[in-house]
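Report on one structure; see the data block that follows.
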Amino acid sequence: MTLVRKPGSAVALVAATLLVLVPFWWMASIAFKPESEVFTREPRLLPGQPTLDNFATALDAGNLDRALTNSLVVALVVVAANIAFALPAGYAFAKLPFRGSDAIFMVIVSTTMVPVAVTLIPMFLIAKGIPLAGGNDLLGRGGSGLLDSLGGLTLPHLIGPLNVFLARQYFVGLADELGEAARVDGASEFTLFWRIYLPLARPLVATVAVFSFTAVWDDFLWPLVVTSSPETQTVQLALSKFLTGGNVAYGPAMAGSVLVLLPILAVFVLNQRSFVAGLSEGGVKG
Numbered sequence: 520m521t522l523v524r525k526p527g528s529a530v531a532l533v534a535a536t537l538l539v540l541v542p543f544w545w546m547a548s549i550a551f552k553p554e555s556e557v558f559t560r561e562p563r564l565l566p567g568q569p570t571l572d573n574f575a576t577a578l579d580a581g582n583l584d585r586a587l588t589n590s591l592v593v594a595l596v597v598v599a600a601n602i603a604f605a606l607p608a609g610y611a612f613a614k615l616p617f618r619g620s621d622a623i624f625m626v627i628v629s630t631t632m633v634p635v636a637v638t639l640i641p642m643f644l645i646a647k648g649i650p651l652a653g654g655n656d657l658l659g660r661g662g663s664g665l666l667d668s669l670g671g672l673t674l675p676h677l678i679g680p681l682n683v684f685l686a687r688q689y690f691v692g693l694a695d696e697l698g699e700a701a702r703v704d705g706a707s708e709f710t711l712f713w714r715i716y717l718p719l720a721r722p723l724v725a726t727v728a729v730f731s732f733t734a735v736w737d738d739f740l741w742p743l744v745v746t747s748s749p750e751t752q753t754v755q756l757a758l759s760k761f762l763t764g765g766n767v768a769y770g771p772a773m774a775g776s777v778l779v780l781l782p783i784l785a786v787f788v789l790n791q792r793s794f795v796a797g798l799s800e801g802g803v804k805g
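Quick note, the sequence shown lines up with residues 520 to 805 if you use the numbering used here.
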């Protein structure tokens, strides 16, 4: 059966799309405008005299180049950690049930409902008390631990409970018969996971990667608490420098926003098809 879209629905979708894109268009337009054009009485959709000065200011004065590097490093570590830990955990909950596994799984899922502010102080104390890090002794005393370091920035995001949930739901939807023959031949559970189930879970891998990358890239509160030097700041902290002190540097702020948006936009575009498939399959099965 062929679905016929009504003209009214198409018009509504186009209007909604344009409404969503307007803020991004305006952001990009201001990013390329000289300061004299930002506050004109007659706003223009396109810059009259395009300039790259705002981007240079954002990278130099805002220390955005270092912040982009820091955020990228932390995001890649977190993505790798979630793929390495959340996927096997989800597989274990789906294919290797044990006594109390459902209760443990529910506890993990329930942590997604805990506000970030509630865990902020405990997580700060954990980061500060990591043994043998930042001058700490074996008991985690005497130093700063992982505070003001890239390692400390990764700590809250290393294993996302939502990723464990999605992995479990995805693997539940894969037939047990896929691994029975290999199990009879003596294959280990890790072999089953690595050779049989994981190659079928590419949409899941893309979904976990997108969620993990986004969580780190958009995080503002934890970097604000755990970092204190410009050398460890992330992109969100770098952008906030343009919006403090009562004077807003709109040109550099919008230019910085464009630069910060590009990596996360690229991650989503490159994984869009797999991301949507993994999210839909992982969210409805089980």
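Cβ coordinates follow ideal geometry from the N, Cα and C atoms, glycine included. Quick caveat, the model's predicted, so the values are computed rather than measured.
Whether residue i touches residue j by CB criterion (7 Å)
i, j, result
"L758", "G775", "yes"
"G671", "L665", "yes"
"N766", "V729", "no"
"P680", "T631", "yes"
"F709", "A613", "no"
"L697", "I715", "yes"
"V592", "T673", "no"
"L743", "A686", "no"
"A734", "S793", "no"
"V754", "A586", "yes"
"W713", "S590", "no"
"V727", "I602", "yes"
"I649", "F604", "no"
"M773", "I549", "yes"
Identity of the residue in the options nearest residue i by Cα
i, options, result
"V628", "D667, F604, V683 and K614", "V683"
"H676", "G527, P718, D738 and P634", "D738"
"T576", "F761, L780 and G692", "F761"
"W544", "V593, V777 and D621", "V777"
"T732", "S668, A594 and G619", "It is Phe, not Thr, that sits at residue 732 in the sequence shown. When only C-alpha atoms are compared, the closest one is A594."
"T751", "V626, P782 and S668", "S668"
"A652", "M642, S663, I645 and F643", "S663"
"P749", "G609, P526, T588 and S620", "T588"
"S707", "M546, F558 and A611", "A611"
"P542", "L564, A636 and R721", "L564"
"N573", "M642, P562, M546 and N655", "M546"
"G609", "G692, L756, G654 and L781", "G692"
The segment 779-786 in contact with the segment 697-716 per 3-pair CB rule at 8 Å: no
Three or more C-beta pairs below 8 Å linking the segment 639-659 and the segment 568-588: no
Ignoring anything shorter than 4 residues or poking outside the segment 621-695, list the alpha helix (DSSP H) runs there in chain order. 635-647, 669-673 and 680-691
Sequence ranges, alpha helix (DSSP H) only - wholly within the segment 692-776, length at least 4: 696-703, 721-736, 740-745 and 754-759
Pair every Cβ in the segment 527-539 with every Cβ in the segment 548-566, then say whether three or more of these pairs are closer than 8 Å. no
Hey, which unbroken runs of the alpha helix (DSSP H) at 4 residues or more fall wholly within the segment 542-592? 554-557 and 572-579
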